[in-house]
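Worksheet for the structure shown next.
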Amino acid sequence: MSPFRFLHLLLILLFSYASANTYHSLLRMVPDDRVFSGSAGFRGAADGIFCDSWRLSVETNNAGHWRIIPENCLGMVEEYMNGDRYSSDSDVVGADSLSFAMTVQIEGDGKDIWIFDIDETLLSNLPYYVVHGYGSEVFNETSFDEWVDLAKAPALPTSLWLYEELLGLGFQIVLLTGRSEFQRSATEKNLLFAGYHSWERLILRQTADIGKSAVVYKSERRAELEAQGFRIHGNSGDQWSDLLGSPMTKRSFKLPNPMYCVE
Numbered sequence: 022m023s024p025f026r027f028l029h030l031l032l033i034l035l036f037s038y039a040s041a042n043t044y045h046s047l048l049r050m051v052p053d054d055r056v057f058s059g060s061a062g063f064r065g066a067a068d069g070i071f072c073d074s075w076r077l078s079v080e081t082n083n084a085g086h087w088r089i090i091p092e093n094c095l096g097m098v099e100e101y102m103n104g105d106r107y108s109s110d111s112d113v114v115g116a117d118s119l120s121f122a123m124t125v126q127i128e129g130d131g132k133d134i135w136i137f138d139i140d141e142t143l144l145s146n147l148p149y150y151v152v153h154g155y156g157s158e159v160f161n162e163t164s165f166d167e168w169v170d171l172a173k174a175p176a177l178p179t180s181l182w183l184y185e186e187l188l189g190l191g192f193q194i195v196l197l198t199g200r201s202e203f204q205r206s207a208t209e210k211n212l213l214f215a216g217y218h219s220w221e222r223l224i225l226r227q228t229a230d231i232g233k234s235a236v237v238y239k240s241e242r243r244a245e246l247e248a249q250g251f252r253i254h255g256n257s258g259d260q261w262s263d264l265l266g267s268p269m270t271k272r273s274f275k276l277p278n279p280m281y282c283v284e
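Numbers 22 to 284, taken from the working numbering, label the letters of the sequence shown in order.
Below, the structure written as structure tokens:
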């Protein structure tokens with residue numbers, strides 16, 4: 022990690038401590054002639070304004086399930102994913118995650134764990150989505166599986182930094198992914214290629230999990246971990262389906278992802 026990026030993360034972390042009890046609200050009046058018209062945005066509003074608002078609705082789980090990004094938001098998503106805003110948003114999530122992690126008392130018995138999703142959480146599939154419309158195309162499982170087999174997805178820099186910090190604090194790392202068991206070898210190879218190591222477990226979908234929603238599947242796996250005596254303190258994912266369901270962890274942290282939605 023470059024000194025500049027480390028300083029950026031450090032400043033965010035310090036700011037999160039300083040502002041933990043400070044609340045601000047902004048009220049913005051919307052003219053009455055702006056009427057919502059679904060994926061076409063607000064009639065009379067610039068696409069950029071609508072697309073920023075749509076991205077906010079995705080990140081706050083107000084958009085519900087959706088299959089592809091709005092047609093007029095392709096440029097916004099491309100610019101966001103390749104620009105400083107995506108990196109900065111991810112840095113804030115990483116800093117907030119570490120801020121919480123530093124408050125956890127590690128028992129030292131190997132039962133204090135942090136769960137990470139993989140795709141768009143630890144590994145970035147942006148090279149794949151660059152040639153598949155940044156989420157403007159319907160998901161093609163076959164072509165994505167071919168990409169996974171290449172095992173060349175890079176690490177998300179903030180996630181790799183957080184991962185190392187959590188290991189240093191004494192957390193055990195559990196990787197809980199929607200990828201299938203037949204992709205274990207390629208997934209392990211890619212994780213090592215990207216710089217990840219020393220995970221406690223890598224949990225993938227088994228045959229019995231086919232057809233289950235991500236919420237059901239990941240909830241069941243968290244319940245199994247708790248039944249085995251593990252204390253799940255944190256959970257990091259780019260989808261709400263990574264984080265919702267029962268049991269939930271003490272704190273959940275959502276990384277930004279406006280390219281696709283997984284139920």
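From the three backbone atoms N, C-alpha and C, an ideal C-beta is built for every residue, glycine too. Nothing here was measured: the structure is a model prediction, and the numbers come from that model.
Going along the chain, which residues of its own chain have a beta-carbon closer than 7 Å to the beta-carbon of residue i, five neighbours each way excluded?
i	result
L183	G115, S118 and L119
D110	P277
Kindly indicate which three-state DSSP category residue i falls into: helix, strand or coil?
i	result
R272	strand
N83	coil
A174	coil
A41	Bear in mind that a pLDDT of 43 at A41, under 50, signals an unreliable position, so the number given afterwards is only what the model happens to contain. Correct three-state label for A41: coil.
T228	helix
I70	helix
R64	Confidence at R64 is low in this model, with a pLDDT of 44, below 50, so its placement is unreliable and the value that follows should be read with caution. If DSSP states are grouped into helix, strand and coil, R64 belongs with coil.
L147	helix
V169	helix
Excluding five sequence neighbours on each side, which residues of the same chain lie with their C-beta closer than 8 Å to the C-beta of residue i?
i	result
G266	V236, V237, K239, S240 and R243
L143	F137, A176, L177, S180, L181, Y184, L196, L212, A215 and Y217
D73	M97
S219	L188 and I194
G156	I89, I90, V98, Y150, P279, M280 and Y281
V159	R88 and I89
R205	L223 and L225
E191	In the sequence as presented, Glu is not what sits at residue 191; that position holds Gly. If we look at G191 and ignore the five residues flanking it on each side, its Cβ neighbours are I127, G129 and D133.
S262	S234, A235, V236, K239, V283 and E284
Have a look at residue i and residue j and give me their C-alpha separation to the nearest angstrom.
i	j	result
F71	Q249	46 Å
R106	Q260	18 Å
H153	N161	9 Å
M123	T81	25 Å
Y281	S273	19 Å
F85	K275	Looking at the sequence shown, residue 85 is not Phe but Gly. In a straight line, the C-alpha of G85 is about 15 Å away from that of K275.
E167	V113	32 Å
A61	I90	Its pLDDT being 43, under 50, A61 is placed unreliably by the model, and the measurement read from it follows with that caveat. Answer to the nearest angstrom: the Cα atoms are 11 Å apart.
E284	S234	6 Å
F121	F165	34 Å
S78	P277	12 Å
E92	N83	19 Å
E100	S108	12 Å
K271	K173	32 Å
Report the option in the options whose CA atom is closest to the CA atom of residue i.
i	options	result
R200	F251, E141, N83 and Q193	E141
L95	D68, S111 and T228	D68
L246	M269, S257 and S262	M269
H254	V125, T228 and D263	V125
T163	Y101, K173, D230 and Y149	Y149
R252	E92, N103, S111 and D130	D130
L147	N103, L190, S262 and W135	N103
E221	N256, S78, S109 and W135	W135
Is the Cβ-Cβ distance between residue i and residue j less than 7 Å?
i	j	result
R88	P279	no
D133	I127	yes
E202	Q227	yes
V169	A207	yes
L225	T198	yes
Counting only the same chain and skipping the five closest in sequence on each side, list residues whose C-beta sits under 6 Å from that of residue i.
i	result
R232	It should be pointed out that residue 232 corresponds to Gly in this sequence rather than to Arg. Excluding sequence neighbours, G232 sits near nothing in its chain.
E186	L119
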